[in-house]
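Undergrad: My questions will all concern the structure given below.
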Amino acid sequence: MKQIAITASGLTMRFGSLVAVDSVDLEIEMGSIYGFLGPNGSGKSTTIRMLCGLLRPSSGSATVIGMDTKKESESLKQKIGYMTQRFSLYEDLSVKENLQFISEIYAVPRKERKQRVAQLLESFSLTDRAKQRSGTLSGGQKQRLALAAATLHKPEILFLDEPTSAVDPQNRRDFWEVLFELAEQGTTILVSTHYMDEAARCHRLAILDEGVKVADGSPRQLGESISSHVVEIEVDDLNRARLCLMQNQEISSITQLGIKLRIMIPKTVSDPLQLVNSILRRENIEANTEQVFPDLEDIFVSVTQQRRKELGA
Amino acid sequence: MKSLIRIFAVMRKEFLQLSRDRLTFGMIVGIPLIQLLMFGYAINTDVRNLSTAYVDESDTHISRQFIADITASQVIVMKQRVASVFELEQLLNAGSISIGIAIPDDFDRRVLGRDRQAAQLLVDGTDPIIVGVAQQLAAMPVRFDSQAKLPQKAAILEVRNYYNPERRSAVNIVPGLVGVILTMTMVLFTAVAIVREKERGNLELLINTPIKTPELMLGKISPYILIGLIQLSLILGLGWYFFQVPIRGSLIHVLVAALVFIAANLSLGLLISTVAATQFQAMQMTFFFFLPSILISGFMFPFDGMPAAAQNVAEFLPLTHFNRLIRGIILRGADITSMLDELLALAIFTVATLTLAILRFSKRLN
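Just so you know, the sequences run in chain order A and B. Just so we're aligned, residue 1466 is where the first sequence starts under my numbering, counting upward by one. Just so we're aligned, residue 195 is where the second sequence starts under my numbering, counting upward by one.
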């Protein structure tokens, strides 16, 4: 059995009357990449900040590598790395100066400091930018620098708060390569995101909505567990197909994906494909229909809709 | 050991940033220079050349002699002669003269009789300094030949001006200016330096590192101690060069007083930085503190002349104590050990604000 790096139980954060995080329970395995998926304002950052010990939870507790985040937040800081949503290194210092500063702040032994900085510059492909002021770096370079700084003291746990929000797709890909390498070496990574493709790369993830954890598990498990079938329709006249499908009460959502429509039908319907085909046939619309495995967006829409329905009921 | 590494890391970073921030760098040198020249050259309580008009209704040789004498004093510049007191009042009201002299038609008789005032000075009372000058003028004796043999009434008191016999304003102002400039720059720089990190998000990163609050604060403020000392040397050096302001006391004592004062202001800056959310707010709070410091610390107006309530408030301002210290050491050549209570007051202020600042600054975000 794998060791547990982070546990949380009933973690809650209130700001005045607003409940930003509502009794979240977590259990995160050592060496895994764990994702927080949710829209803006769903409590991802607040949860991460509570786990880092930056925010004191209103109620509930969390343990990170065996340390209580409330009582031992100071000793915890030597063991965790945190990459803020905003670039928070010094823009008026050079890349190298920033890393040197961080290495001194973590009191890396004098002899190792230089070597460690050089090594990070190398592995994050920043060597030729070493003397450049970090404020003038591109989004991708800034992000690499921030990750280099967050991993400088070789933390056991890495918290990344929407790390790729200002980065182009290629850089995002490279960035994830680095994350997988780190995880391979044993670092536990907790990453928040609102990109579905990014969430799909996580070993496990939790879906947050309005401060509540609505689902968690591996992307595969989540896909299997949701209460909807997903049907993809390829059709010439998208609009007409959409209009007639919208009439049907059984269909819970329709989204357009390029030349396709993606339809969600509750699992209470035993044969979703037949339902869709029969509707389309009645209207004389020719189409290719196919039942597909739910992707994260479907999962996300399904679990949040279900929660709203439960709240409404 | 780890603590020291971290403190030095913050200090080094602060110096690096300072050396790249040209505006702040310019302010470190510019503020003392400009203020010194401004206060030194422009502010002069030893007033000369006040615009004056007069009306002479007696027009005798005594009255003409009197006008000639009073003009010769150079305190006033006689702009014009008018026909009536009413015209004098109009000129005064229009602001074209500061002083009007009204000589009545029985001037000679009044001078000889000596039982009533011989003439009137109409003074623009909107400026207290002009009123003071007018009082000097009023004490001026009137000479006339027939009275030459009469014994002059001797004054009861003779004034001996210690420490500044030539009554040069700069001598008075420059030492006080050290305190004023240090108050402004030290409080502002530290307050802004920390709030800036808050605004730019650097603090969110820092508080998630093992650095401890006192380490961060010490590292952030120590570079400014050096800057404060640079400013001190600038002001005293330039004051000596431009205005021949002497330093009569020991330089070591000046240094000790300045260091304690700088510490007081830096900790106040820190305290402000824990309250202010933006650099603008930090600036506002600094000025909220800075104005009373200038006005009631004794830098501008004599401390003893203020009502008791203002004096009590002033005792809480570091500048009040520093003014006494620095004027004592620089102008009177006093020994700092004779003013230990002032040093103690500054030390108490420093410890109190620093404690508050460290308590208020939390390594958590909420």
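Backbone N, C-alpha and C fix where the C-beta goes; we use that ideal spot for every residue, glycine too. Just so it is clear, the structure is predicted and the values come from calculations on it, not from any experiment.
Under 7 Å between C-beta atoms, does B/Gly220 make it to chain A?
TA: As a first step, residue 220 of chain B must be located in the second sequence, where it is residue number 26. By this cut-off, B/Gly220 is not an interface position.
Undergrad: Quick one: which chain A residues come within Cβ less than 8 Å of B/Glu398?
TA: Against the second sequence, residue 398 of chain B aligns to sequence position 204. Those are Leu1519, Thr1549, Arg1551 and Ser1553, listed as they occur along chain A.
Undergrad: Give me whichever residues DSSP pairs with A/Phe1501 in a beta bridge.
TA: Walking along the first sequence from the start, residue 1501 of chain A turns up at place 36. Beta-bridge pairing links A/Phe1501 to A/Ser1657 and A/Ala1671.
Undergrad: By the 9 Å beta-carbon criterion, what residues does the stretch 377-405 of chain B contribute toward chain C?
TA: Structure shown: chain C not included; protein chains present are A and B.
Undergrad: Should the stretch 435-446 of chain B be regarded as contacting the stretch 401-408 of chain B, the criterion being three or more beta carbon pairs within less than 8 Å?
TA: Not touching, per the Cβ criterion.
Undergrad: How long is the line joining the alpha carbons of B/Ile324 and B/Arg304, rounded to whole angstroms?
TA: The residue labelled residue 324 of chain B in the question sits at position 130 within the second sequence. The residue labelled residue 304 of chain B in the question sits at position 110 within the second sequence. Near 26 Å, if we compare the C-alpha coordinates of B/Arg304 and B/Ile324.
Undergrad: Checking contacts by CB at 7 Å: is A/Ala1473 closer than that to chain B?
TA: If you number the first sequence from 1, residue 1473 of chain A lands on position 8. No - not a single Cβ of chain B is within 7 Å of the one on A/Ala1473.
Undergrad: Using DSSP with H/G/I as helix, E/B as strand and the rest coil, what is B/Ala312?
TA: Locating residue 312 of chain B in the second sequence gives position 118, counting from the first residue. Reduced to three states, the DSSP call for B/Ala312 is coil.
Undergrad: Can you tell me whether A/Gly1475 is buried or exposed, with buried defined as 16 or more other CB within 10 angstroms of its CB?
TA: What you label residue 1475 of chain A is simply residue 10 of the first sequence in a count that begins at 1. Classification for A/Gly1475: exposed.
Undergrad: Where does A/Pro1731 fall in DSSP's three states?
TA: In the first sequence, the residue the question calls residue 1731 of chain A occupies position 266. Reduced to three states, the DSSP call for A/Pro1731 is strand.
Undergrad: Output the distance between the C-alpha atoms of A/Gly1481 and A/Arg1578, rounded to the nearest integer angstrom.
TA: Along the first sequence, read from residue 1 onward, the residue named residue 1481 of chain A stands at position 16. Along the first sequence, read from residue 1 onward, the residue named residue 1578 of chain A stands at position 113. Whole-angstrom Cα-Cα distance: 44 Å.
Undergrad: Pull up the distance between the alpha-carbon of A/Ile1719 and that of A/Arg1514, whole angstroms please.
TA: Here residue 1719 of chain A is taken as the residue at index 254 of the first sequence, counted from 1. Here residue 1514 of chain A is taken as the residue at index 49 of the first sequence, counted from 1. So the alpha carbons of these two residues sit roughly 36 Å apart.
Undergrad: Rounded to a whole number of angstroms, what is the C-alpha to C-alpha distance between B/Phe483 and B/Val241?
TA: As a working note, residue 483 of chain B is residue 289 in the second sequence. As a working note, residue 241 of chain B is residue 47 in the second sequence. Spanning the two alpha carbons is a distance of roughly 31 Å.
Undergrad: Based on Cα-Cα distance, which residue from B/Ala236, B/Ile293, B/His255 and B/Phe260 lies nearest to B/Ile270?
TA: As a working mapping, residue 270 of chain B is identified with position 76 in the second sequence. The candidate whose alpha carbon is nearest that of B/Ile270 is B/Ile293.
Undergrad: According to DSSP, is B/Ala342 helix, strand or coil?
TA: Translated into the one-based positions of the second sequence, residue 342 of chain B becomes position 148. Its pLDDT being 48, under 50, B/Ala342 is placed unreliably in this model, and the value from its coordinates should be taken loosely. Here B/Ala342 sits in coil by DSSP.
Undergrad: Helix, strand or coil: how does DSSP classify B/Tyr248 here?
TA: Here residue 248 of chain B corresponds to residue number 54 of the second sequence, with the count starting at 1. Three-state DSSP puts B/Tyr248 in a strand.
Undergrad: Are any of the Cβ atoms in chain B nearer than 7 Å to that of A/Leu1569?
TA: One-based indexing of the first sequence puts residue 1569 of chain A at position 104. What sits at residue 1569 of chain A in the sequence shown is Glu, not Leu. Judged by the 7 Å Cβ criterion, A/Glu1569 is in contact with chain B.
Undergrad: Who are the neighbours of B/Ile199 on chain A, taking C-beta pairs under 7 Å?
TA: The count along the second sequence starts at 1 and reaches residue 199 of chain B at position 5. Those within 7 Å of B/Ile199 in chain A are Glu1569 and Ala1572.
Undergrad: Kindly list, in the order they appear in chain B, the residues whose Cβ is closer than 9 Å to that of A/Leu1779.
TA: Given that chain A is displayed from residue 1466 to residue 1778, the structure contains no residue 1779 of chain A and the question cannot be resolved.
Undergrad: Is A/Gly1604 helix, strand or coil by DSSP?
TA: Taking the first sequence and counting its residues from 1, one reaches residue 1604 of chain A at position 139. Of the three classes helix, strand and coil, the one that applies to A/Gly1604 here is helix, per DSSP.
Undergrad: Taking Cβ-Cβ distances shorter than 7 Å, what residues in chain B pair up with A/Gln1543?
TA: In the first sequence, counting from the first residue as 1, residue 1543 of chain A sits at position 78. In chain order: Pro404.
Undergrad: Just the C-alpha distance for B/Ser257 and B/Ala288, rounded to the nearest angstrom, thanks.
TA: Counting from one through the second sequence, the residue named residue 257 of chain B turns up at place 63. Counting from one through the second sequence, the residue named residue 288 of chain B turns up at place 94. Roughly 26 Å separates the two Cα atoms.
Undergrad: Step through the CB atoms of chain A and report whether any lies within less than 7 Å of the CB of B/Ala471.
TA: Counting from 1 along the second sequence, the entry for residue 471 of chain B is found at position 277. No, B/Ala471 does not count as interfacial toward chain A.
Undergrad: At a Cβ cut of 9 Å, what residues of the stretch 1583-1599 of chain A count as close to chain B, listed as they run along the chain?
TA: Within the stretch 1583-1599 of chain A, the qualifying residues are Arg1598.
Undergrad: Evaluate B/Arg521 with the Cβ neighbour count: other Cβ atoms within 10 Å of its Cβ, from every protein chain shown; 16 or more gives buried, anything less gives exposed.
TA: Indexing the second sequence from 1 puts residue 521 of chain B at position 327. Under this definition B/Arg521 is a buried residue.
Undergrad: Note down, in chain order, each residue of its chain lying with its Cβ closer than 8 Å to the Cβ of A/Ser1526, except the 5 sequence neighbours on either side.
TA: Taking the first residue of the first sequence as 1, we reach residue 1526 of chain A at position 61. Answer for A/Ser1526: Ala1473, Ser1474, Gly1475, Leu1476, Asp1533, Thr1534 and Lys1535, listed in chain order.
Undergrad: Determine contact between the stretch 390-404 of chain B and the stretch 1541-1559 of chain A, defined as no fewer than three beta-carbon pairs at a distance below 8 Å.
TA: The answer is yes - the stretch 1541-1559 of chain A touches the stretch 390-404 of chain B, with three or more Cβ pairs under 8 Å.
Undergrad: For B/Ala476, which option in B/Leu513, B/Ser487, B/Leu485 and B/Leu464 has the closest C-alpha, if you only look at C-alpha atoms?
TA: The residue you call residue 476 of chain B lines up with position 282 of the second sequence. Of the listed residues, the one whose Cα sits closest to B/Ala476 is B/Leu464.
Undergrad: Shorter than 7 Å from the beta carbon of A/Phe1790 to some beta carbon of chain B?
TA: With chain A covering only 1466 through 1778, there is no way to say anything about residue 1790 of chain A.
Undergrad: With C-beta atoms as the reference, is A/Met1729 less than 7 Å away from A/Val1695?
TA: Residue numbering aside, residue 1729 of chain A sits at position 264 when the first sequence is read from its first letter. Residue numbering aside, residue 1695 of chain A sits at position 230 when the first sequence is read from its first letter. Taking 7 Å as the Cβ cut-off, A/Met1729 and A/Val1695 qualify as a contacting pair.
Undergrad: Could you tell me which uninterrupted alpha helix (DSSP H) segments, each at least 4 residues in length, are contained entirely in the stretch 1692-1773 of chain A, listed from first to last along the chain?
TA: Listed in chain order, the complete alpha helix (DSSP H) runs (minimum 4 residues) inside the stretch 1692-1773 of chain A are 1703-1711 and 1737-1747.
Undergrad: Whole angstroms are fine: how far does the CA of A/Glu1562 sit from the CA of B/Arg526?
TA: Numbered from 1 along the second sequence, position 332 holds the residue referred to as residue 526 of chain B. Numbered from 1 along the first sequence, position 97 holds the residue referred to as residue 1562 of chain A. Cα to Cα, the separation comes out at about 49 Å.
Undergrad: So which residues on chain A does B/Ala203 lean against when the C-beta distance must stay under 7 Å?
TA: Indexing the second sequence from 1 puts residue 203 of chain B at position 9. Residues of chain A passing the Cβ test: Phe1566, Glu1569 and Ile1570.
Undergrad: Can you confirm whether B/Lys196, when its beta carbon is compared against all beta carbons of chain A, has any partner nearer than 7 Å?
TA: Looking up residue 196 of chain B in the second sequence gives position 2. At least one chain A Cβ lies under 7 Å of B/Lys196.
Undergrad: Any idea what DSSP makes of B/Ile237, helix, strand or coil?
TA: Numbered from its first residue, the second sequence carries residue 237 of chain B at position 43. DSSP places B/Ile237 in coil when its eight states are reduced to three.
Undergrad: Taking all protein chains shown into account, decide if A/Lys1576 is buried (16 or more other Cβ within 10 angstroms of its Cβ) or exposed.
TA: Your numbering for residue 1576 of chain A matches position 111 in the first sequence. With fewer than 16 other Cβ atoms within 10 Å, it is exposed.
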